[in-house]
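Chemist:
Numbering (our numbering), first residue to last: 1363 to 1660.
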């Protein structure tokens, strides 16, 4: 049984296809990254999954059932556009949304106290939403999304507005939910988070799927001709296009993509002729590099 099955869905606005013939299969208990540049169709896809807009063609099935209100009660959705009632108090908002999700009063009260404490919002519980910082509002919206422990969790840019400490807190909770059997789909521009968290990904560009699969397998397709190099001295060897197809200089180190048929030992030998090498590491391509390369080639 899949947690989510998307079968050949399309959505057009006039003559423009926001999503075109997209299919996905997401296994239960996994973290799945839905990626793509701005305007690629990610949010439109999520809205069709949630039944907010209907596809022009195709089908969405959640836990092998056709999309319906009853099925969607098992889904938690954190939209990119936040929607909290600014004049309500923090604990009132949590109680309100918990009741909408059908939670019983005793369970709801316990969950409210637990999550306020876990998210370090206890002292803010009687404050109005408008008095909270952007990051605090984001944490509160996340709590509301997971309050009834949904089986499927869809997060659209969940780390927006969060500092590194709270980003790490959300990351830990997402992994806990996964360990408890929750399936997580999240859309983000933060490739580092995707690389750390996701079991599988789908990259959408111009409304269509261009790359999908297990994250390890996707990276494997791009080979291991990437080098991370830290050095001091003459950098002239980096301009040798017979060895190097492309490089990115980050100041403290350089990421290098070798030309086809060039070995890492050839590069190391050339580098040692010109510079003192502190670190020379063969690495898989980063997801950020794969993302940029795939989108540029479309």
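Idealized CB from N, CA, C, for every residue including glycine.
Write down the C-beta distance between residue 1367 and residue 1409 rounded to the nearest angstrom, noting that I regard them as a contact closer than 8 Å.
Modeler: That pair is no contact at about 17 Å.
Chemist: For residue 1598, which residues does DSSP report across the bridge?
Modeler: According to DSSP, residue 1598 bridges with nothing at all.
Chemist: Could you check what DSSP says for residue 1346 in three-state terms: helix, strand or coil?
Modeler: Look at the range of the chain in this structure, 1363 to 1660, and you will see that residue 1346 is not part of it.
Chemist: Where DSSP assigns a beta bridge to residue 1608, which residues make up the other side?
Modeler: In DSSP, residue 1608 forms a bridge with 1619.
Chemist: With distances taken from CA atoms, which of 1614, 1461 and 1415 is nearest residue 1435?
Modeler: 1461
Chemist: Let me know if residue 1430 comes out buried or exposed under the rule of 16 or more other beta-carbons within 10 Å of its beta-carbon.
Modeler: exposed
Chemist: Buried or exposed for residue 1378, please, with buried defined as at least 16 other CB atoms from any protein chain shown within 10 angstroms of its CB.
Modeler: exposed
Chemist: Return yes when the Cβ of residue 1565 is within less than 8 Å of the Cβ of residue 1397, no when it is not.
Modeler: yes
Chemist: On a CA-only basis, which of 1489, 1537, 1616 and 1466 is nearest residue 1591? Give me that one, please.
Modeler: Sorting 1489, 1537, 1616 and 1466 by C-alpha distance to the C-alpha of residue 1591 places 1616 at the top.
Chemist: For residue 1639, which residues of its own chain have a beta-carbon under 8 Å away from its beta-carbon, when the five flanking residues on both sides are left out?
Modeler: Only 1591, 1592, 1593, 1630 and 1633 meet the Cβ criterion.
Chemist: Assuming contact is defined by CB atoms lying nearer than 8 Å, are residue 1527 and residue 1456 in contact in what I supplied?
Modeler: It is not a contact, given that the beta carbons lie outside the stated cut-off.
Chemist: Can you have a look at residue 1567 and say buried or exposed, based on whether 16 or more other CB atoms are within 10 angstroms of its CB?
Modeler: buried
Chemist: So, are the CB atoms of residue 1547 and residue 1447 less than 8 Å apart?
Modeler: For residue 1547 and residue 1447, no; Cβs fall outside 8 Å.
Chemist: Do residue 1644 and residue 1606 have their C-beta atoms within less than 8 Å of each other?
Modeler: no
Chemist: Do residue 1484 and residue 1521 count as a contact pair if the criterion is CB distance below 8 Å?
Modeler: no
Chemist: If residue 1545 and residue 1420 are in contact, beta carbons under 8 Å, what's the gap, nearest whole angstrom?
Modeler: Actually they are not in contact, since the Cβ atoms of residue 1545 and residue 1420 sit about 20 Å apart, beyond 8 Å.
Chemist: Which whole-angstrom value describes the C-beta separation of residue 1575 and residue 1562, a residue pair presumed to lie in contact below a C-beta threshold of 8 Å?
Modeler: 6 Å
Chemist: Can you list, in chain order, the residues of its chain whose CB lies under 8 Å from that of residue 1464, leaving out five sequence neighbours each side?
Modeler: 1435 and 1510
Chemist: According to the neighbour-count rule (16 or more other Cβ atoms, all chains shown, within 10 Å of its Cβ), is residue 1407 buried or exposed?
Modeler: Buried, since its Cβ has 16 or more Cβ neighbours within 10 Å.
Chemist: My parser needs the beta strand (DSSP E) runs of 3 or more residues fully inside the segment 1456–1540; what are they?
Modeler: 1514–1518
Chemist: Under the rule that 16 or more other beta-carbon atoms within 10 Å means buried, what is residue 1583, buried or exposed?
Modeler: Flag for residue 1583 reads exposed.
Chemist: Quick check on the DSSP output: what are the complete alpha helix (DSSP H) runs of length 4 or more inside the segment 1413–1460, in order along the chain?
Modeler: 1431–1434
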